[in-house]
Every structure is written in structure tokens, then in C-alpha cells.
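Presented below is the structure to which this report refers.
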Amino acid sequence: MIEFMTVDELRSKYIAFFKSKGHAEISGQSLIPDNDPTVLFTTAGMQPLVPYLSGQNHPEGTRLTDYQKCVRTGDIDSVGDPSHLTFFEMLGNWSLGDYFKKESIAFSWEFLTGKEWLAIPPEKISVTVFAGEEGVPRDDEAAVIWESCGVPRERIFYLPRSDNWWGPAGLTGPCGPDTEIFYDTGKEACASHCRPGCPCGKYVEIWNNVFMQYNKTADGTFEPLSRKCVDTGMGAERTVAMLGGMKSVYETDVFVPIIRCIESLSGKKYGENEDVDISIRIISDHVRTATFILGDQKAVTPSNVGAGYILRRVIRRAVRHGRKIGIEGAFLAKPADVVIGEYIKAYPEFEGKKDFIFEQLGAEEDKFLATLKKGEAEFEKLLPNLLKNPQKTIPGRVAFRLYDTFGFPIELTEELGREHGMTVDIDSFKEEEKKHQEESRTLSAGAFKSGLGDHSEISTKYHTATHLLHEALKRVLGPEVAQKGSNITPERLRFDFSFSRALTKEEVQKVEDLVNEQIARDLPVSVEEMSLDDAKDTGARALFGDKYGERVTVYSIGDFSKEVCAGPHVEHTAQIGQFKITKEQSSSAGVRRIRAVISGGLPLGA
């Protein structure tokens, strides 16, 4: 029998184990990724490590481990079942050109089965490896290593690329097979061909080891990499649920107090009615996600675009399900307070953020409750004509208008329709929705599994330009200016910074001119590794609300700018080209936003 374990205990054991194997513990990063136009949130533990997996030296060495907060919203409509989450913690360890399959698999086996660690009975573990295809051999090496650890051949399954292969992020680049580790729940097999990955639930995936050993070339061939890397990830909540023999991640210690709070607010008991349980799970997950987004080092606020739109969506969905189980008015601050109490030790960035989180949640709840009243009134106006439809169907364009104009959730339109014997034409609604929200929907799901960002030449130029912009803003407006976030696409940069008022036209022009002066000076860009304390002593700028390791990478741009950063950067500023500010506006209370573009410039390497 496996001893009950909390998420906090699993997190501590994982880090302690890999530190005992020579890994440096590094700090998890913000939920809001910099310079990655493919995703709105950090979706995997490896995402902040992209430059280092791509060849850059990490200041903490070649063996790393951490825990990382992640948000994925591609399956948001599935949240409410026993297993799906939008926020989760990812435990990870990495080898950057250090050890490879033999050590990685041995580490995984020892941590899972060792009595000092998780003590999972070995017979409960099955694994999958890559089955091979034309141009790439099957991964017999991994299978042999697993067998030497003690996994019998009948519990080693060869699966195709769709199950056991990672990358490349684009058409070319690093990629390789992975091996996935599954826990046998003891359920009856659904069929004779039941295996890990089967949706019947007999096997639960708990860990994934990715072996980056190939480079896919433009002609489609796979060349062996000289510098092989390992990237692993373990979902904390799912693993704790599995270890405790729980039927749901919502039975884990991090959710129990949140659910108790919602029970108290609603007067409903979890576990007595499935419809009520679904709503309680949705509220629990969504309030946790919203609290982490608002409490992040680079917090965003609810809006109609990008990450702000996702935040708004989870808050409003939680409010709607609160109404469904009898909670009237704004209520999310109370379960949010529970979330902060549960996590503040592991995530100290919550310190001092409680009032801001509560204010943002309350304001969004009030807006949405007003929206619900307007939407319900509009529905009542439409109802006489809708009832004349002999098919008893609400057209998709009508449902989407309620959604787009009034912010009225499609689920609520369906609910009101059912009360009058009608259904919504969901297919036509989705067509309307796809036309209007394709870009945001694509970004929220993530353009690819890995979370790898865009490190193209133009994005590299834009990233370096943000360093110049940051310093220019401080010199023109004053030292109180602090970076609050940035986002880069191949078309533009967006930079958020703390400042209490709108900039004048003259100030905008001064900032733009100062940036272009540094580009015209063709300043060299240099990089140096040092301790965080030394970086502070040298005057390097940093998001010191972020968490950093003991050693950091500092980029200097001539005598103008010095920042703690992971890159990528140009070699000298003339490569950036002409810099132009296209817009200056408010982002949120006390935060301004600049959008800018660049043009021309020398090619990288010139």
C-alpha cells in the first residue's frame, strides 16, 4: 500500500532526489512567457529552458531540476470531469548534453520504486517506447535499459510517432523519441489489446522522458545530434492522486480545502450529486487558475484578447457555475484566499498580491453579473420569435450574437433554451465563433506540444530592442519605471511597464529617438555569467520579482543597458534596424503599454 502523500511532499521529494544526483535546483518562471508568440501561458516545465536545450550554456550547469507552474486551456471544456485541469504543477529534470537514456531511465526507476522515495510496487509500472518508422529506428536502446531495471518485456510497449515522439518544433530542428511511464490502476483491461495510452483508464501516465537525439533537416532526413539532451516532466497533482489511489485529482490535498470553502458558500455537499460535483470542480479549478494568473510576477488582468481573455473566461465560467449551485453575488475572493494560503510557501510571489487579486476578481464578477442580467433580458426579447421556429432550434448566429455582444456564455443560452424545449445549433455557432476568435483560440491551445518559442532572426532583433526600450523609458521617465511584461511576434513587440499616467507625445518621441541613437551607435552586445548578487551589484536590470537561480546570465549592450536575461540577442545593435513606436496606451491600473515595430537592419552574423 502506497502511503498518502501531499503535493508539497511530492515536490520536496522530487527536488531532493535530483539534487542528490548532482542536479542544480533552478527557479520556476512566470506563467506569462516572454518572447514566445506561440502560446499565451507557460504550458510546460521545459518552456523557459528553450535557449539552453537549443545549445546555450545554462549558468547553473548541465544537470537541472525544478517545479514549474503551468496553464493549458486547450481542454477547458473538459474541466469538470475528474481528471482535467487548466492549472497544474510540472516537476522536471534536464540533462543539457550531460547524461542520456541509461542514466535518465535509471533515475526515473529509482525515484518511482525506491523505498526512500515513492515506493511504487515495480509490478505496477508499464512503459512505452518509440516503435520506429522509415528513416528512424525503433528505440530498442530504451527498451533494453528498462528491462535491465526490472520491467519485463510484456510491460514494455512499442508505440508509433503519435504516442512516443517529440518535435521538431517547426519543420526542422532537434527532435527525438520519448519513453512514457504508466501506473497500472488495477482496473480490468477493456479488451485483449488494452495497453498504456488506452482511454479506458486502466493505465495512468505519470512521467515522460524525452530524448533529443536527432536533428531533422530540410530534406526530411534525421541526423544524430552531437549534443544530446533529456527533458522530463511529471504532473504533480496527477501523481499524488495516483499514489493515494484516488479516483480524481480533486481528491488531492490541494483541492480539498478549496472544495470545502465552496461547499460552505453554496450549502451543497460534494459527492452527492454529479451535476453539483461538476460545477464544484469547475469552480475549484478555475479559481485556482485565475488566482495564479493574477498573482504572477507578470500578472495580466481580464480583457477581451490574449491571456486576458483566457483569464476572463475562467473567472466568468466559475461565476456561472456558482450561480448554478446557488451562490449569489461575487464570491471568488474567498476560495482565492484559500488557494493563496495553500501555495504561498512554494510560490512566494503571492506575497503582497492578495488585495490586487481580490480587487480584480471582484471587479470582473460584478461586470459579468451585470452582463448576465442584460443577456437574460435580451434572450427574453428574442424568445417569442424563437418559439415560432418549428424545429425548436436557436440559430447559431443568434447564440453567437448573445455571446459576442453581451458576453453571454453559450452554455447559458443552451440552458435557457432547454427550459423552453429548444436546442442551440451548435455547429453554426462554432462556425461563427471560429471566424471571430481563431487567433485567440489557436494561441490558447499552443501552436505545438513542446512550448518552444520563436527564435527566428526577426524575433531576436525585437527581443534585443526591448532591452533598449526598457532603459530608454527609465532615462526619459524616471527610475520608477519597471518592466511588467513583454510579448514578441514576428510583426511587432509589446512592452508593459509601471507608470501612473499616459506619456506625452514629446516623451514618446524622446524614448523612440533614444532607442534609435543606440542602434545607430552600433553598440556591441556581450554576455557574462555571474551570481545574482554580483549582477545586482553591477547594476544589472532584472525582474527581481521573478525567481532566479544562484547564477544568472547578464547581457550588456555597450554602455547603455545591462539586464539579467536568457536571450536570444543580436551581436551588435545595427542589426536591429529602425525602431518605431506605433502606440502607447493603458494596459491596466498603473501599467502602460507600448507597441513598436522595427524595419531594416543588418542580417544576424553581419
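Each residue of the sequence shown is one higher than the one before, counting from 201 in this note's numbering.
C-beta atoms are modelled at their ideal positions from N, C-alpha and C, and glycine is treated no differently.
Please read all numbers here as calculations on a predicted model, not as lab measurements.
| Item | Value |
| --- | --- |
| Where LYS315 falls: helix, strand or coil (DSSP) | coil |
| Whole-angstrom C-beta distance between CYS375 and LYS416, which should lie under 8 Å | 5 Å |
| Cβ neighbour criterion (16 or more within 10 Å) applied to PHE204 | exposed |
| Closest Cα partner of PRO377 within the set THR660, ALA331, LEU616 and GLY397 | ALA331 |
| Simplified DSSP state of PRO374, which is helix, strand or coil | strand |
| Buried versus exposed, by CB contacts within 10 Å (16 or more), HIS393 | exposed |
| Burial state of SER220 (16 or more Cβ within 10 Å) | exposed |
| Environment of SER787 [buried if 16+ CB atoms lie within 10 Å] | buried |
| Rounded separation between ARG512 and ARG721 - CA only | 44 Å |
| Exposed unless 16 or more other CB atoms sit within 10 angstroms - verdict on ARG701 | exposed |
| Alpha-carbon to alpha-carbon, ILE480 and THR452 | 14 Å |
| Same chain, Cβ closer than 7 Å to GLY508, neighbours up to 5 away in sequence not counted | VAL500, THR501 and PRO502 |
| Residues bridged to ALA830 (per DSSP) | With the chain covering 201 to 806 only, the question about residue 830 has no answer from this structure. |
| For LEU669 and VAL711, the rounded distance between their alpha carbons | 7 Å |
| Through-space distance from THR623 to PRO590, alpha-carbon basis | 12 Å |
| SER254 - containing alpha helix (DSSP H), residue span | No alpha helix (DSSP H) contains SER254, which DSSP labels as neither H nor E. |
| Candidates GLN413, VAL430, TRP346 and ARG263, of which the one nearest GLU423 by Cα | GLN413 |
| The alpha helix (DSSP H) enclosing ARG520, as first and last residue numbers | 506-524 |
| Status (buried if at least 16 other CB within 10 Å, exposed otherwise) for ASP713 | exposed |
| Three-way DSSP call (helix, strand, coil) for LYS661 in this model | helix |
| Bridge partners - LEU264, DSSP secondary structure assignment | ALA224 and TRP294 |
| With 16 other Cβ atoms within 10 Å as the buried cut-off, status of ASN687 | buried |
| Simplified DSSP state of GLY678, which is helix, strand or coil | coil |
| Near the ligand GTP: HIS223 beta-carbon under 7 Å from a heavy atom | In the structure on display, the ligand GTP does not appear, and there are no ligands present to speak of. |
| Proximity winner among ILE345, PRO457, LEU359 and GLU341, relative to GLU333 (alpha-carbon distances) | LEU359 |
| THR313 versus THR571: straight-line alpha-carbon distance, rounded | 53 Å |
| Local conformation of GLU551 per DSSP, three classes | coil |
| Cβ contact check for the segment 296-308 and the segment 428-441: 3 or more pairs under 8 Å | yes |
| Minimum C-alpha distance to GLY335 - residue among ASP419, GLY401, ILE276 and VAL344 | ASP419 |
| Residues of its chain near LYS661, where Cβ-Cβ distance is below 7 Å and the 5 sequence neighbours each way are ignored | VAL770, GLN775, ILE776, GLY777, ILE798 and GLY801 |
| As assigned by DSSP and simplified to three states, the class of HIS772 | strand |
| Bridge partner(s) assigned by DSSP for ASP431 | TRP294 and VAL410 |
| From GLU763, ASP485, PHE382 and ARG460, residue whose alpha carbon lies closest to that of LEU443 | PHE382 |
| Cβ-based neighbour list, THR782, same chain, cut-off 8 Å, excluding 5 preceding and 5 following | ARG692, ARG795, ALA796 and VAL797 |
| ALA441, buried or exposed, once every other Cβ within 10 Å from all chains shown has been counted against 16 | buried |
| Endpoints, the beta strand (DSSP E) within which THR328 is located | 325-330 |
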